[in-house]
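Asker: Numbering (the numbering used here), first residue to last: 98 to 213.
Encoded structure:
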């Protein structure tokens, strides 16, 4: 059985990085600066933009949160690590992680392992 942390590492984190890259690019930030802001390589930015990494898709509410977080990063009111942790808390709180887990693993419908 995979742990909640493995679900985050394999599915949630790459998806969040992709969404942050897309949000920053949409706001006119150059790929080189995106790489620096997110502490990832320039080729990784390119792969996220071409959908070669981070296949997990998020709902509209999470997209709004990501866009707001990207704005804070651009305005230097926050940094990527802080905003990433905020998004991970929201993903757990809203039980979005459960949907990702059920999509990729054979878990029981009443699984509560993330909430013990």
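Virtual Cβ for every residue (Gly too), placed ideally from N, Cα, C.
Rounded to a whole number of angstroms, what is the C-alpha to C-alpha distance between residue 129 and residue 121?
Answerer: What you label residue 129 is simply residue 32 of the chain shown in a count that begins at 1. What you label residue 121 is simply residue 24 of the chain shown in a count that begins at 1. Taking the straight line joining both Cα atoms gives about 11 Å.
Asker: Should residue 119 be labelled buried (16 or more other beta-carbon atoms within 10 Å of its own) or exposed?
Answerer: Looking up residue 119 in the chain shown gives position 22. Buried, since its Cβ has 16 or more Cβ neighbours within 10 Å.
Asker: If residue 213 and residue 104 are in contact, beta carbons under 8 Å, what's the gap, nearest whole angstrom?
Answerer: Taking the chain shown and counting its residues from 1, the one referred to as residue 213 is at position 116. Taking the chain shown and counting its residues from 1, the one referred to as residue 104 is at position 7. 15 Å between Cβ atoms; not a contact.
Asker: How far does the alpha helix (DSSP H) with residue 182 in it reach, from first residue to last?
Answerer: In the chain shown, residue 182 corresponds to position 85, counting from 1. That run of the alpha helix (DSSP H) goes 177 to 190.
Asker: Let's see if you can read the secondary structure: which residues bound the alpha helix (DSSP H) around residue 124?
Answerer: As a working mapping, residue 124 is identified with position 27 in the chain shown. Following the DSSP letters along the chain, one finds residue 124 in no alpha helix (DSSP H), marked with neither H nor E.
Asker: On the CB-based measure, 16 or more other CB atoms within 10 Å of its CB, does residue 167 come out buried or exposed?
Answerer: Position 70 of the chain shown holds residue 167. Residue 167 is buried by the Cβ-count criterion.
Asker: Go ahead and pull the three-state DSSP assignment for residue 141.
Answerer: Here residue 141 corresponds to residue number 44 of the chain shown, with the count starting at 1. Here residue 141 sits in helix by DSSP.
Asker: Using three-state DSSP, classify residue 151 as helix, strand or coil.
Answerer: Counted from its first residue, the chain shown places residue 151 at position 54. Of the three classes helix, strand and coil, the one that applies to residue 151 here is coil, per DSSP.
Asker: Leaving out five residues on either side along the sequence, give the residues of the same chain with a beta carbon under 7 Å from the beta carbon of residue 183.
Answerer: Here the question's residue 183 lines up with position 86 in the chain shown. Closer than 7 Å at the Cβ level, and outside the excluded window around residue 183, lie 166.
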